[in-house]
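Right, one structure below, let's go through it.
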DNA sequence: CGTTTCGTTTACGTCAACGTAAGCTTTGCT
DNA sequence: AGCAAAGCTTACGTTGACGTAAACGAAACG
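Protein chains in written order, with my numbering: chain Z, 1 to 141; chain W, 1001 to 1141.
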């Protein structure tokens, strides 16, 4: 029990289940990310142990997914980030990729805005039809 | 030639190629939509002939896709729409579904806005790092 | 000492919306 | 008559991000 606690405090490593509970993902997901070289848990015997670094990466992965990055894009960003220790070249490349992604997202939002406006107006039409029906019915009574 | 012209004027039916050119879709797409019961072209021998109704449905299908509906959702909406001939019940159900979808889209846009803002701020940080590096280097010279 | 529980590997399955290819028939044009 | 274009059917391939199942090893528990 002391060992476990010390491990938790010093090495700060987590089992796959702890990871799953913490980040709300399945074991399959973590193993999948490892197979895609997004995570690099160490091995204690056969078992995976996820380090602080893995947790930091996973956070970025999940954040990246929210941004709409694909896992491959995320991997490249992580590689850039952890590769050179924050060389200016690496950072500006990261910035480029992020910029592209940002442009994508803003285009996406623009389309979404159009679609929303469009759908609203269509709904307006349908509502009018319903109103007319009611009105007609009311008028007929 | 007269037959073709009369067909075009009276039945107003189109071949698959005319459809493709008109709506910028591939034959595969039209056959696929038919297999999914989104379109119901009539048959002249072996060939498909798309009626005015099919064209109206296809317009709605493509519009629906822009809205982010899945083909299955679109099929259900089309079924509702063409089932009862615009009964108020059908229309208001259509309206319900559209309302749900609209809510989805607006939630999606909200998330997107957050993600965009977030990404921008992240990029700001990276830019600052780059600026500092340059500044530091400049200052060192 | 048996049996749940947690973990592992390997590998096939899933979903959406088509793309793509093979092989055949029909139509139109010369 | 001949041949290319247009259509048809059948069916396997694609992409991303995992789900799911089988079959096994190790450990914790009572």
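Virtual Cβ for every residue (Gly too), placed ideally from N, Cα, C.
| message | Please report the distance separating the alpha-carbon of residue 1166 of chain W from that of residue 1127 of chain W. | response | No statement about residue 1166 of chain W is possible, as the shown extent of chain W runs from 1001 to 1141 and does not include it.
| query | Taking just the CA atoms, how far does residue 1097 of chain W sit from residue 1015 of chain W? | reply | Position 15 of the second chain, counting from 1, holds the residue named residue 1015 of chain W. Position 97 of the second chain, counting from 1, holds the residue named residue 1097 of chain W. So the two alpha carbons sit approximately 33 Å from each other.
| message | Strictly below 7 Å CB to CB, what residues from chain Z border residue 1121 of chain W? | response | Position 121 of the second chain, counted from the first residue, corresponds to residue 1121 of chain W. The contacting residues do not exist; residue 1121 of chain W stays about 11 Å from chain Z at best.
| task | Anything in the segment 89-116 of chain Z with a Cβ closer than 9 Å to a Cβ of chain W? List those residues in chain order, please. | result | 91, 92, 94, 95, 98, 99, 101, 102, 105, 106, 108, 109, 111, 112, 113, 114, 115 and 116
| message | For residue 1050 of chain W and residue 110 of chain Z, I'd like the C-alpha separation in whole angstroms. | response | Counted from its first residue, the second chain places residue 1050 of chain W at position 50. Counted from its first residue, the first chain places residue 110 of chain Z at position 110. About 33 Å.
| field | Short CB-CB distance (under 9 Å) between residue 1040 of chain W and chain Z | value | By 1-based counting over the second chain, the position of residue 1040 of chain W is 40. Chain Z contact via Cβ: absent.
| request: Below 6 Å CB to CB, which residues in the same chain sit around residue 35 of chain Z once its five sequence neighbours on both sides are set aside? | output: Position 35 of the first chain, counting from 1, holds the residue named residue 35 of chain Z. Here the set comprises nothing.
| Using a beta-carbon distance below 9 Å, is residue 1067 of chain W in contact with chain Z? | Here residue 1067 of chain W is taken as the residue at index 67 of the second chain, counted from 1. It does: the Cβ of residue 1067 of chain W has a partner Cβ on chain Z nearer than 9 Å.
| said: Below 7 Å on C-beta distance, what does residue 126 of chain Z contact in chain W? | reply: Along the first chain, one-based indexing puts residue 126 of chain Z at 126. Neighbours of residue 126 of chain Z on chain W, chain order: 1091, 1094 and 1095.
| Beta-carbon separation (whole angstroms), residue 1078 of chain W vs residue 1038 of chain W, contact threshold 8 Å | Position 78 of the second chain, counted from the first residue, corresponds to residue 1078 of chain W. Position 38 of the second chain, counted from the first residue, corresponds to residue 1038 of chain W. About 7 Å; that satisfies the 8 Å criterion.
| message | On the CB-based measure, 16 or more other CB atoms within 10 Å of its CB, does residue 1042 of chain W come out buried or exposed? | response | The residue given as residue 1042 of chain W occupies position 42 in the second chain. Per the 10 Å Cβ criterion, exposed.
| task | Identify every residue that forms a DSSP beta bridge with residue 93 of chain Z. | result | Here residue 93 of chain Z is taken as the residue at index 93 of the first chain, counted from 1. DSSP, once it has assigned bridges, lists no residue as partnering residue 93 of chain Z.
| Who are the neighbours of residue 130 of chain Z on chain W, taking C-beta pairs under 7 Å? | Along the first chain, read from residue 1 onward, the residue named residue 130 of chain Z stands at position 130. Near residue 130 of chain Z (Cβ distances below 7 Å), the residues of chain W are 1088, 1091 and 1092.
| request: Would you kindly check if the distance between the Cβ of residue 1067 of chain W and the Cβ of residue 125 of chain Z is under 9 Å? | output: On the first chain, residue 125 of chain Z is found 125 positions in, with the first residue counted as 1. On the second chain, residue 1067 of chain W is found 67 positions in, with the first residue counted as 1. No, they are not a contact pair.
| request: Would you please state the rounded distance, in angstroms, between the beta carbons of residue 1102 of chain W and residue 1093 of chain W? I believe it to be under 8 Å. | output: Taking the second chain and counting its residues from 1, one reaches residue 1102 of chain W at position 102. Taking the second chain and counting its residues from 1, one reaches residue 1093 of chain W at position 93. Contact flag wrong, Cβ pair sits at about 15 Å.
| message | Taking CB distances under 9 Å as the criterion, tell me whether residue 1079 of chain W reaches chain Z. | response | Position 79 of the second chain, counting from 1, holds the residue named residue 1079 of chain W. False, the Cβ-Cβ gap to chain Z never drops below 9 Å.
| query | When the cut-off is 9 Å and only beta carbons count, does residue 1063 of chain W lie next to chain Z? | reply | Your numbering for residue 1063 of chain W matches position 63 in the second chain. Closer than 9 Å: yes.
| task | Kindly identify the DSSP beta-bridge partner or partners of residue 50 of chain Z. | result | If you number the first chain from 1, residue 50 of chain Z lands on position 50. In DSSP, residue 50 of chain Z forms a bridge with Z:14.
| Using a C-beta cutoff of 9 Å, does residue 1118 of chain W count as contacting chain Z? | Numbered from its first residue, the second chain carries residue 1118 of chain W at position 118. Chain Z contact via Cβ: present.
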